[in-house]
Amino acid sequence: MFLCVRPLCTATRTTPSPSPAHTSSAGPSPTRPLPAPGRPPLAARRLPRHPLDFAMDASEYPHMQGGASSSSSSCRAADAAAWDAVQQQKRQRCQGSSSGDKVGSCTENNSFKASEAERQNFDSGEIEEEDYYIDDEDEGCYDDDNEGSDYEFDESDFNQQLADKFDDLDLPPGVEASVPWLQKAATDDGPGNFKSMSEIEDEIGKKYKFFKQFDTVEDFSDHHYANKPVGKTGKEWTKRIQHDWKLLENDLPASIYVRVSENRMDLLRAVMIGPQGTPYHDGLFFFDAQFPASYPASPPIVYYHSGGLRLNPNLYACGKVCLSLLGTWEGHGCEKWNSAHSTMLQVLISIQALVLNEKPYFNEPGYETYANNASGQRTALEYNDTTFQYSCRTMLYSLRRAPQHFEDLVAGHFRERGRAILAACKYYMEGNKVGSIVPDEDDEDKELESANAEGSSSSSAVKPKNNQVDLRAGAGVVRPASFKTNMEVLFEELLMEFNVKGADTKKFCAVKLKKSQPAAA
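Converting from the sequence shown to our numbering requires adding 20 to each position, the first position being numbered 1.
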C-alpha cells in the first residue's frame, strides 16, 4: 500500500484558490514540486511538527475569524488540489506496474477516494501529531529500470547481519556448529582441504629432521620460573650467560636439546633422551632452569617436569633435582659448583650420565654399599621394573602435553622410536630384564631358522628366553604379576599414541586385531 499525505501548508501562502477544473486535473501544487513522473514516492520519514503546518479553523478559534479566515480556506483548497494530484500520479504509476499484484496494483477506474471522515479530518487539521514528507532518495518497492518488483535475497549479507547480533553472546559449546553464519567458510571445496595421513607423517618427519639442538625463542609462558623475576643484573651476568649459550650451541651431546629465551635470558629449557641399556631408554625428560642474579657465583636453579612421578632417587615428584653440582646435596671437591669453571653444559651432562644410569637404585645415599651382594642386586632389578613403568607414563605425559617449543621434537622422536619402545615392552613382559638389549626381529627369525634346520622342536627354539627367566629366578628375583598387568595397559595406551604420530606399528596392530577376532569354530 502507498502512504500518501498532504504537503506542508503554512498560513503565509498567497496563492489563489484553484478553479474546479484545475482541481480535477492531474497537476502538481505550485507550493511544492512533486516527484518526477518517472520515479515513484519511495519512503516516508517523520519530521518534527511545525506550528504553522496546520490550517486553523475559524470555528474552533473564534478569536481569529478575521483576515485569517480567507487565508485558511485558500490553504485548504490548495491542499485538496495537491491531494488529488498525488493520487492521480499514483494511479498512473500503479497501472504501469504489474497488474497481477492485488496488493500494490490499481487501475484508472478504481480511483481512490477518502471517506468523508478522513476528508473532514484532513481539512480541519485533526491528524497525527507529526506530518510526513515524501523522500525519493531512499530505496523503495519500484525499480527504475522496470526489471520487476522481486527482491533479491542476499544470504551472505543476511547472515552477517545476524552474526553481528550474536557477537556479544556467549553461546554454549556446540551451538556454533549448528548456526550457519558462525561456521568458518572453507577456503577450498573438495577433498583438498584435508591432509592425508601420509602427508601428516611426512610433515612430522621433516620438522623432526630439521629440529635444532640449540635455539633461541621469544616466549616461555609455560616455563616453571616464568613468573619469578630474576631481579637486578649487570653486564658480567649477561656476558657469562652468553658464554654458556655458546658452549651449549657448540658442544651439546646428540641426545640433549636446549632452548633459551632472548627476552628472558635467565630462563632455559632442556630435554634429554634416556640412554640405551637403562630403564630410561628412549624416554624424554624435560628440565627448566633459571640463572639467578648472583650467577655464576651461585649455581642455576633446576626444576624437573616429573608429572607427579618419582622415577629416580635424585628426581623428586615435586620437581626437585638433587645434585651436588646444584648445591641441593652435599659434595666434595669437583662435585660442588665452581664459579670459575662450572657451566650449564656440565649440569646437563651430569644429569644424563650420573642420574639416568643403568641401576638408579644405588643413587640413593648409602645404598651403594649393597651393590656387590645378591640382595642389593635383586632390589635394584625390582626398582628398574617400577622405573620403566614410570618412564612409560612420562612418555604418555609428554605425548599428550608436549612442553612449549618442543612439540615437533616429541612428535618426531616417538614416531621414529615408537616401534622399538613397543618391542621392548613386549620383551620385558616375556620375563626379560628391564634395560637389557632387545634383539631385532631379523635376529629372532635367523635363530628360529637355524634351530629348525638342526631339527630342533619349536619349544627348544625359545629356550634362550626361558634361560633368561631362569637366571632371574636363580638370582632370587620373583617378578610380581602386577608388572605384566600394568605393562599390558601401558602398551595399549602407547600403541594408540604412537599410531597417531605415524610410528611403524603394523606388526603390533595385526596381532591385536587377530586376538580380537572370535576363534573359528
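The beta-carbon is built from N, C-alpha and C at its ideal position, and this holds for glycine as well.
With fewer than 16 other Cβ atoms inside 10 Å of its own Cβ, A337 counts as exposed. A residue is called buried when at least 16 other Cβ atoms come within 10 angstroms of its Cβ; R279 meets this threshold and is buried. Residue state for K232 is assigned as coil, using DSSP reduced to three classes.
Under the DSSP assignment, V520 falls outside any beta strand (DSSP E), being part of the alpha helix (DSSP H) whose first and last residues are 501–521.
DSSP places L288 inside the beta strand (DSSP E), whose first and last residues are 287–293. Secondary structure of Y277 (DSSP, three-state): strand. Under the three-state reduction of DSSP output, Q310 falls in the strand class.
Boundaries cannot be given for V454, as no alpha helix (DSSP H) includes it and DSSP labels it neither H nor E.
With contacts defined by Cβ atoms closer than 8 angstroms, N383 and N452 do not form a contacting pair.
If you check the CB distance, L331 and Y410 come in under 8 angstroms.
L335 sits in a strand when the DSSP states are folded into three classes. In this structure, L416 lies away from T525, with their beta-carbon atoms at least 8 angstroms apart. Per DSSP, I369 is one residue of the alpha helix (DSSP H) stretching across 364–370. DSSP, reduced to helix, strand and coil, places L376 outside both helices and strands of the structure shown, so it counts as coil.
Residue burial is scored here from C-beta neighbours: R421 has fewer than 16 other C-beta atoms within 10 angstroms and is therefore classed as exposed. Look at the beta carbons and you see the region 392–402 not touching the region 310–322: under three pairs across the two are nearer than 8 angstroms.
Beta-bridge pairing by DSSP links Y323 to D308, K340. Taking Y381 as reference, the option from A530, Y403, H244 with the minimal CA-CA separation is Y403.
Ranking P312, H425, V454 by CA distance to the CA of E238 puts H425 first. Secondary structure at V237: strand, using DSSP grouped into helix, strand and coil. Around the C-beta of V341, 16 or more other C-beta atoms lie within 10 Å, and the residue is accordingly described as buried. Ranked by how close their Cα comes to the Cα of Y447, the residues L368, M507, A501, E388 have M507 in first place. Apart from the 5 residues on each side of it in sequence, R284 sits with its Cβ closer than 7 angstroms to the Cβ of F240 in its chain, given in chain order. For T406, the enclosing alpha helix (DSSP H) begins and ends at 394–420.
Bounds of the alpha helix (DSSP H) holding V430 are 427–449. In this structure, the alpha-carbon of V430 lies about 12 angstroms from that of E517. In the DSSP annotation of this structure, D302 is not part of any alpha helix (DSSP H), being labelled neither H nor E. The beta carbon of L345 is closer than 8 angstroms to those of P319, G351, E355, K356, W357, S362, Q366, V367, S370 in its chain, skipping five residues each way along the sequence. Inter-residue distance for A290 and F307 is about 5 angstroms (C-alpha atoms, whole angstroms). For W265, the secondary structure class from DSSP, reduced to helix, strand or coil, is helix. A Cβ-Cβ contact shorter than 8 angstroms links D286 with F311. Here T298 is near L376, since their CB atoms are less than 8 angstroms apart.
Secondary structure at A246: coil, using DSSP grouped into helix, strand and coil. The Cβ atoms of Q372 and P459 do not sit closer than 8 angstroms to each other. The Cβ atoms of L304 and C412 do not sit closer than 8 angstroms to each other. Inter-residue distance for F231 and L419 is about 17 angstroms (C-alpha atoms, whole angstroms).
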